[in-house]
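If you read the sequences in order, they're chains A and B.
Counting in the working numbering, the first sequence runs from 641 upward without gaps.
Counting in the working numbering, the second sequence runs from 47 upward without gaps.
We treat Cβ as the ideally placed atom computed from N, Cα and C, and that holds for glycine.
In this text, all values refer to a predicted model and were calculated from it rather than measured experimentally.
Reading through the structure tokens given below for one structure.
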Amino acid sequence: MQVGIEKSVVTPLIKKKSRVKNRGISIQVSNALLSILLPVILLIIWEVAGALGKLNPILLPRPSTIIQEFVNLTASGELAMHLGVSTWRALIGFLLGGGLGLAAGIWVGFSYKTERLIDPSLQMLRTLPHLAIAPLFILWFGFGEASKILLIAKGCFFPLYVNTFLGIRSVDGKLFDVGRVLQFSQWQMITKLIIPASLPNIFLGIRLSIGVAWLGLVVAEMMGSSTGIGFLINDARSFSLTSVVFVGIIVFAIVGKLSDSLVKLIERRMLRWQDSYKGEGSS
Amino acid sequence: MSEQVLVKKHERDGWLNRIPKPLHGWILPIIIVVIWELASDVGNISATMLPSPISVVAQFVRLTMNGELFEHIGISVYRAAQGFLLGSIAGLLIGLSTGLGKLVERTLDPSLQLIRTIPLLSLIPLFILWFGIGEFSKVLMIALGAFFPVYLNTFLGIRSVDLKLFEVSRIFQYTRWQLLCKMIIPAALPNILLGVRLSLGVSWLVLVVAEMMGASAGVGYMIQDARAYSQTDVVFVGIIIFAVVGKFSDSGVRMLEKKWLHWRDTYKG
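Pasting the structure below:
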């Protein structure tokens with residue numbers, strides 16, 4: 641009799657479980673459907689209205705025209721060329737500014753004296769909106785590569801500087817004591833303890849920096865250049881080739897998103913290493 | 047031995063200790079400004095590249111006296127305020143509706159997140175094409191920039207309201223309106239204000255770029271115009287104005303934050 645009761649209790653439980661599972665899947669499916677519902681409807685309305693000639697193609701080209709333009713630009717290699725130039729600029733600027741920001745952050749993070757002397761000045765500079773500096777850079781360095789790269793570098797400097805500084809200052813004091821007990825040299829202290837411990841903050845800084853780098857790149861290339869995605873957009877605008885403008889904007893969005901996800905991926909791997917490293921140390 | 051080291055360290059830091067602490071931050075800027083001034087006086091630096099600090103100050107005084115500066119600042123602030131109000135109110139309303147309604151969240155939020163990945167400033171050419179280079183396109187641009195920080199943080203703030211508070215409100219038999227005004231909004235206020243601060247920063251940044259792209263008044267125009275005529279001291283004045291006004295607006299919101307959150311704390315007590 642007891643067995644019978646148990647069975648009657650167990651079977652609905654199992655049923656309930658599988659139903660919950662099914663419901664979970666169906667909720668996911670309906671979520672996915674709902675999330676693409678709005679963009680798809682908008683795209684269809686846009687396309688149909690464009691095909692019926694209700695929309696001015698100069699103001700709002702049809703999605704199919706934009707895709708066509710994208711394919712054309714890719715096939716002619718023009719897009720790849722501009723993208724290459726832009727990426728190179730962003731990379732150089734990021735490496736320069738980010739590297740300096742990291743170095744300055746480490747330096748200021750380490751010494752209390754440097755912090756008191758230099759940090760207030762840097763914080764003062766940080767309040768300048770970095771794109772307002774663009775005309776000054778053009779005056780100083782001309783319209784060439786140097787002013788663009790320096791503008792990007794200036795934008796990349798501060799997020800990395802602030803976050804590196806914060807990361808170093810939030811390293812657990814106990815770890816320092818352990819390092820001192822193990823008689824770490826100054827160099828070992830930096831490479832084995834402080835940098836791994838402040839890595840999460842540094843990665844946050846890198847991600848913010850990359851976002852700023854793309855933003856600075858857009859503006860720098862629109863201010864004046866003869867290659868790059870920003871130039872492609874601005875040039876297309878002056879000839880009213882709106883579909884090319886759309887292609888440029890979408891490429892910017894995709895590349896920005898991809899670079900962000902790349903850093904996230906690296907971050908996950910590096911921080912996994914850090915965790916396992918910590919585990920080894922504690923055992 | 048350790049005493050020796052300590053003494054040595056003390057000697058090395060001695061010159062720093064003789065200066066009162068609050069002044070430490072000013073040492074480096076003052077040294078730089080003095081060197082800069084001396085170098086331009088001697089004539090090592092051309093005035094079109096790097097005008098001396100005194101000439102920047104003189105230019106600032108001149109622009110203030112003839113009222114030109116106030117005119118530009120007024121127009122810039124007006125634009126930024128319009129765009130900011132438009133964008134942040136839209137962000138607040140949409141954030142509230144996605145935060146409160148599950149269905150709205152599922153339909154609207156993914157699309158908005160998709161739009162968010164587009165770098166804002168790359169949209170400027172499109173806005174110029176659509177709306178021309180008039181006031182309207184600038185205000186819309188700023189509004190778009192101001193929208194996302196407020197939207198995201200409002201949404202986040204509502205979703206992180208403590209569930210226990212909801213249960214308490216159910217016991218008190220709050221109506222929907224009371225629930226919204228007396229519980230959800232106060233509880234989400236810290237996040238909303240953070241969003242407001244971020245979006246103020248963004249709208250200021252977008253303003254700079256929008257005014258440089260094409261305008262006939264405003265601080266951004268003043269900078270761009272001065273650059274074209276190589277009046278570098280005016281460029282400096284403009285940049286400093288941007289920094290100061292940006293800083294002021296940020297501290298203004300911070301003050302509001304302190305006041306409102308203080309009220310919230312006493313309310314809770």
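Asked                                                                                                                           : Found
Cβ neighbours of I746 (chain A) in the same chain (closer than 7 Å, five flanking residues each side left out)                  : T804 and I808
Cβ shell of E303 (chain B) (< 7 Å), same chain only, five flanking positions each side left out                                 : L239
Beta-carbon proximity check, L839 (chain A) vs M910 (chain A), cutoff 8 Å                                                       : yes
Neighbour flag for G133 (chain B) against chain A, beta carbons, 8 Å                                                            : no
Proximal residues of chain A, C-beta to C-beta of M95 (chain B) below 9 Å                                                       : L779 and W780
Residues near C227 (chain B) by beta carbon distance below 7 Å, same chain, minus five either side                              : none
Where the alpha helix (DSSP H) containing I78 (chain B) begins and where it ends                                                : H70 to V88
Residue range of the alpha helix (DSSP H) that includes M111 (chain B)                                                          : P99 to M111
Any C-beta of chain B under 8 Å from that of K897 (chain A)                                                                     : yes
Alpha helix (DSSP H) runs contained entirely in the segment 734-822 of chain A, provided each spans 4 or more residues          : 752-766, 774-781, 785-809 and 813-821
Inter-residue Cα distance where the pair is F116 (chain B) and V102 (chain B)                                                   : 17 Å
Proximal residues to L246 (chain B) (C-beta, below 7 Å), its chain only, five neighbours per side dropped                       : F130, S295, D296 and V299
Cβ pair count under 8 Å reaching 3, the segment 276-283 of chain B against the segment 90-105 of chain B                        : yes
Cβ-based burial, W930 (chain A) [other Cβ within 10 Å; buried from 16]                                                          : The first residue shown for chain A is 641 and the last is 923, placing residue 930 (chain A) beyond what the model contains.
C-alpha distance - M229 (chain B) paired with L244 (chain B), whole-angstrom precision                                          : 24 Å
K794 (chain A) classed as buried or exposed, judged by whether at least 16 other C-beta atoms fall within 10 angstroms          : buried
Residues of its chain near S86 (chain B), where Cβ-Cβ distance is below 6 Å and the 5 sequence neighbours each way are ignored  : S98
Neighbourhood of L253 (chain B) by C-beta distance below 7 Å, restricted to the same chain and skipping five residues each side : S122, R125, A126, I188 and G266
Other residues of its chain near V891 (chain A): CB distance less than 8 Å, five sequence neighbours each side excluded         : L719, L723 and I869
Proximal residues, the segment 694-727 of chain A versus chain B, C-beta separation under 7 Å                                   : L699
Boundaries (first-last residue) of the alpha helix (DSSP H) holding Q708 (chain A)                                              : P703 to A715
Short-range partners of chain B found in the segment 750-765 of chain A, where Cβ spacing is below 8 Å                          : K753, R756, L757, I758, D759, P760, S761 and M764
Nearest residue (CA-CA) to G147 (chain B), options B:I73, B:R222 and B:P236                                                     : B:R222
Coil, strand or helix - M95 (chain B) by DSSP                                                                                   : coil
Residue environment, P171 (chain B), which counts as buried when at least 16 other CB atoms sit within 10 Å                     : buried
Min CB distance H118 (chain B) to chain A below 8 Å                                                                             : no
CA nearest to the CA of G137 (chain B), picked from B:I78, B:V242, B:M259 and B:A256                                            : B:V242
The segment 727-738 of chain A contacting the segment 810-820 of chain A, beta-carbon criterion three pairs below 8 Å           : no
CB contact check: A893 (chain A) to chain B, cutoff 8 Å                                                                         : yes
Exposed unless 16 or more other CB atoms sit within 10 angstroms - verdict on R912 (chain A)                                    : exposed
Close-in-space but distant-in-sequence residues of the same chain around E151 (chain B) (CB under 6 Å, 5 per side omitted)      : T144
Selected residue, minimal CA-CA separation from F734 (chain A), among A:F797, A:Y801 and A:Y752                                 : A:F797
Residues within the segment 862-878 of chain A neighbouring chain B, beta-carbon criterion of under 9 Å                         : M862, M863, I869, G870, I873, N874, A876, R877 and S878
Whole-angstrom distance between V79 (chain B) and S825 (chain A), CA atom to CA atom                                            : 38 Å
The alpha helix (DSSP H) enclosing P236 (chain B), as first and last residue numbers                                            : I231 to M259
Own chain, CB closer than 8 Å to S810 (chain A), minus 5 neighbours either side, in chain order                                 : S838 and N841
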